[in-house]
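Undergrad:
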Amino acid sequence: MKTRISTRARWAVLLSAAALVVTGCADTSADDGGTKGSSSDVDYSTRMMNVKEASGDPVKGGTLRVSEYSEARTLNPTQTFPTGSTGGNIMAAVFDTLMRYNGDEGTFEPQLAESLESSDNQTWTLKLRDGVTFTDGTPLDADAVIGSVNYYTSGYGLNALLMKQEVKSLKAVDPLTVEISLAHPWATFPNVFTNGPGMIMAPAAYKNPEAFKPIGAGPFKFKSYAPAEKTVVVANDDYWGGRPALDSIEFVLLGPDSTGYETLKSGGVDVAFLRGTETVDDAIKAKVSGMVNHAGMANNLWINNREGSPGEDKRVRQAIALAFDPEIYLKRIANGAGNPSKLLLGPDSKWSPGVEATPTDSNQAKELVKEAKADGFDGKIRVLARTDQDSQSGAIAIQAMLEAVGFEVKLDLVQNVADQIQKVYVDHDFDIATSATSIQEENVYGRLVSALSAQSPTNVPGYSNPEMDKLFAELEGKDTPEAAKEVLTKIEELFAEDAPGVAINSGAMVNAWNKNVHGIKGSGETIILFDKAWLEK
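In this text, residue positions in the sequence shown follow my numbering: the first is 984, and each later residue adds one.
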């Protein structure tokens, strides 16, 4: 049985890849010395961007080269975060996903599954396609799906916490039907099957977890992995949807996404995942082809709320939120790129309820600091950052804002991401830390619960408010922005009042590709699917 500490450490390992983007607004490309100003003219909405249907039939053959944002050292979805920025595109190619998210329509559609339906959002019926097999020849049937999902949730993969809390039972009604009973109505439940839980692994894949084998039923099969260089997959001749047009895909590691973008423009790669705010802005303004995924709280601060931390006092947290100016911060570290906003969702999200953000008010912040000091607060607070230039620049900007309202700020510098993860996710040894919560449009409920629910192991600030948890329970049953507006208004207002953190900006992530690439489909968690992809010669 896992102890609480081992579970927390497990989540820290899983989140290590996500933590690589904790300074996602920083761009490591050369600074031209200019200031780009606000990105309010950049469209961050989730959509397929400038993608036109090809005039001819798909061309068979060829190798697609994809620039990855970060390295997937294993294709085990319980050990590699299954999102587009952290290896999810490779895993989706190998395992496929039961469902996919259509960002243009805002709907969930069958992919590997035949259908997923419910009349009450609480009991769901998953129908599987007949005749689908894994690449080892074994059938992808109801028992295989249940076994894979159970393995995934027991391994604490992405969305596993919600699955553990909400899934009461998985029942094989017949070889091609799984009945899923939930504890409560969950309107956006299909989203979980667009990513990790929907990446169905063959029983042989995880029979010996210490020697995991990437055996799936996806359009491609794993061929090779060269650490810090590339992962190669080859076409699955027996794919249920027909053999892919492509012979293979090479997922390559080129360093910063700015390098990936430049290599894309020069034709050195065909597809590139872009995360840095400046790079994303450049790509959207250049009208490249690709998929855009909106992200609320693309970058944010977390304030440690736990007992013994300065942030235990709500007045201290509120003072930090009032003192922080996201526009100044973005100018310092991203040349003004990104849409500055202290809202969880940001004004450019279709889920935004339209509330006013916490203002920047140094005078009010000073008064709150004085009040806290009168009750014994010594004014000292630490800002956690890494020793690299980008991270330090952001920390210095925060330091200046807080010292201007009466805080005495110390920079707590660590050498690398691993040390940062240990302090933030495992030891909780920080006062203020930067992060990238990235609330996706298709998973607003899931991301908010993971970030702020009192029971969540990924609740970085240690925030706990029963009223917020009640609001999350209410949000779970809402399936449209209109239906969710009232409860999201209350969530935004309570977040502003309690100030467990401070949102910095909303933004987006982009999978970009060249004009000769066709057939790529978008999905959830910034994942793209390659089963219909092909290269125009």
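Note that CB positions come from ideal geometry on N, CA and C, so glycine has one too.
Tell me whether K1353 sits in a helix, a strand or coil according to DSSP, three-state version.
TA: Reading the sequence shown from its first residue, position 370 is the one you call residue 1353. It is helical.
Undergrad: For V1132, count neighbouring C-beta atoms within 10 Å of its own C-beta (all shown protein chains included) and say buried if the count is 16 or more, exposed if not.
TA: In the sequence shown, the residue the question calls residue 1132 occupies position 149. So V1132 ends up on the buried side.
Undergrad: In chain order, what residues of the same chain have a beta carbon less than 7 Å from the beta carbon of R1048, not counting five sequence neighbours either side?
TA: The count along the sequence shown starts at 1 and reaches residue 1048 at position 65. Excluding sequence neighbours, R1048 sits near E1233, V1235, V1252, D1253.
Undergrad: Report back the beta-carbon spacing between L1058 and F1176 to the nearest angstrom; my notes put them in contact at under 8 Å.
TA: Counting from one through the sequence shown, the residue named residue 1058 turns up at place 75. Counting from one through the sequence shown, the residue named residue 1176 turns up at place 193. The pair is not a contact, with the Cβ atoms about 18 Å apart (cut-off 8 Å).
Undergrad: On the three-state DSSP scale, how would you describe N1282?
TA: Here residue 1282 corresponds to residue number 299 of the sequence shown, with the count starting at 1. Strand, per DSSP.
Undergrad: Can you tell which of A1486, S1345, M1451, W1517 has the C-alpha that lies nearest to the C-alpha of M1280?
TA: Residue numbering aside, residue 1280 sits at position 297 when the sequence shown is read from its first letter. Among A1486, S1345, M1451, W1517, the Cα nearest to that of M1280 is on A1486.
Undergrad: So who's on the other strand from T1116, going by DSSP bridges?
TA: Here residue 1116 refers to the residue found at position 133 of the sequence shown. DSSP lists P1122 as partners of T1116.
Undergrad: Taking 6 Å as the limit between beta carbons, can you name the residues of its chain near V1128, skipping five residues before and five after?
TA: Sequence index remark: in the sequence shown, residue 1128 carries index 145 (1-based). Once the five neighbours on either side are set aside, the close Cβ partners of V1128 are V1161, I1183.
Undergrad: Verify whether the separation of the beta carbon atoms of N1033 and S1249 is less than 8 Å.
TA: For the purposes of this step, residue 1033 is taken as residue 50 along the sequence shown, with counting starting at 1. For the purposes of this step, residue 1249 is taken as residue 266 along the sequence shown, with counting starting at 1. Against a cut-off of 8 Å, the Cβ pair of S1249 and N1033 comes out as no contact.
Undergrad: Which word fits D1119, buried or exposed, when buried means at least 16 other C-beta atoms lie within 10 angstroms of its C-beta?
TA: Within the sequence shown, residue 1119 is the residue found at index 136, counting from 1. Result: exposed.
Undergrad: Shortest alpha-carbon distance to P1444 belongs to which of V1432, K1453, F1455?
TA: Reading the sequence shown from its first residue, position 461 is the one you call residue 1444. That would be V1432, whose Cα lies nearest to the Cα of P1444.
Undergrad: Under a three-way DSSP split, which group does T986 fall into?
TA: Position 3 of the sequence shown, counted from the first residue, corresponds to residue 986. For T986, the predicted model reports a pLDDT of 37, less than 50, meaning its position is unreliable and no value from the coordinates is stated.
Undergrad: From this set, I1316, E1290, L1512, A1479, which residue's C-alpha is nearest H1411's C-alpha?
TA: Working through the sequence shown from its first residue, we reach residue 1411 at position 428. Of the listed residues, the one whose Cα sits closest to H1411 is E1290.
Undergrad: Counting only runs of 3+ residues fully inside the stretch 1120-1198, write out the beta strand (DSSP E) ranges in chain order.
TA: Within the stretch 1120-1198, the complete beta strand (DSSP E) runs of at least 3 residues are 1150-1157, 1160-1165.
Undergrad: Run through the stretch 1338-1400 for me and flag every whole alpha helix (DSSP H) of 4 or more residues, listed as ranges in chain order.
TA: Counting only runs of 4 or more, we get 1345-1357, 1372-1386.
Undergrad: Grab me the residues of V1338's own chain with a C-beta within less than 6 Å of its C-beta, minus the 5 sequence neighbours each way, in chain order.
TA: Position 355 of the sequence shown, counted from the start, is the residue given in the question as residue 1338. Cβ within range, chain order: T1472, E1475.
Undergrad: Could you check which residue in R1369, D1344, D1361 has the C-alpha nearest to that of A1387?
TA: As a first step, residue 1387 is located in the sequence shown; it is residue number 404 there, counting from the start. Nearest of R1369, D1344, D1361 to A1387, Cα basis: D1344.
Undergrad: Would you kindly check if the distance between the Cβ of A1302 and the Cβ of L1351 is under 8 Å?
TA: The residue you call residue 1351 lines up with position 368 of the sequence shown. The residue you call residue 1302 lines up with position 319 of the sequence shown. Yes; because the gap between Cβ atoms is below 8 Å, this pair is in contact.
Undergrad: How many angstroms separate the CA atom of G1484 from the CA atom of I1422?
TA: For this step, residue 1484 is matched to residue 501 along the sequence shown. For this step, residue 1422 is matched to residue 439 along the sequence shown. Roughly 14 Å separates the two Cα atoms.
Undergrad: Taking the alpha carbon of E1480 as the reference point, which residue from K1196, E1450, A1357, A1491 has its own alpha carbon closest?
TA: Position 497 of the sequence shown, counting from 1, holds the residue named residue 1480. Here the closest residue by C-alpha is E1450.
Undergrad: Count the CB pairs spanning the stretch 1400-1417 and the stretch 1253-1270 that are closer than 8 Å, and state whether there are at least three.
TA: Touching, no.
Undergrad: How far does the alpha helix (DSSP H) with E1527 in it extend, from its first residue to its last?
TA: Here the chain comprises residues numbered 984 to 1520, so residue 1527 is not present and cannot be evaluated.
Undergrad: Run the CB neighbour count on S1102, radius 10 Å, all protein chains shown included, and call it buried at 16 or more, exposed below.
TA: Walking along the sequence shown from the start, residue 1102 turns up at place 119. Classification for S1102: exposed.
Undergrad: In chain order, what residues of the same chain lie with their CB nearer than 6 Å to the CB of K1520, ignoring the 5 residues before and after it?
TA: Here the question's residue 1520 lines up with position 537 in the sequence shown. If we look at K1520 and ignore the five residues flanking it on each side, its Cβ neighbours are V1042.
Undergrad: What first and last residue would you give for the alpha helix (DSSP H) that runs through V1263?
TA: Sequence index remark: in the sequence shown, residue 1263 carries index 280 (1-based). Per DSSP, V1263 belongs to the alpha helix (DSSP H) from 1260-1268.
Undergrad: What is the C-beta distance between T1063 and E1508, in whole angstroms, given that I count them as a contact (C-beta under 8 Å)?
TA: Here residue 1063 refers to the residue found at position 80 when the sequence shown is read from its first residue. Here residue 1508 refers to the residue found at position 525 when the sequence shown is read from its first residue. No, T1063 and E1508 are not in contact; Cβ-Cβ is about 13 Å, not under 8 Å.
Undergrad: Just the C-alpha distance for T1018 and S1098, rounded to the nearest angstrom, thanks.
TA: In the sequence shown, counting from the first residue as 1, residue 1018 sits at position 35. In the sequence shown, counting from the first residue as 1, residue 1098 sits at position 115. Only weak support exists for where T1018 lies, its pLDDT of 41 falling under 50; the coordinates are left without a value.
Undergrad: Would you decide whether N1346 is buried or exposed? Buried here means 16 or more other CB atoms lie within 10 Å of its CB.
TA: Walking along the sequence shown from the start, residue 1346 turns up at place 363. So N1346 ends up on the exposed side.
Undergrad: CA-CA distance, S1447 and Q1438?
TA: Taking the sequence shown and counting its residues from 1, one reaches residue 1447 at position 464. Taking the sequence shown and counting its residues from 1, one reaches residue 1438 at position 455. Whole-angstrom Cα-Cα distance: 8 Å.
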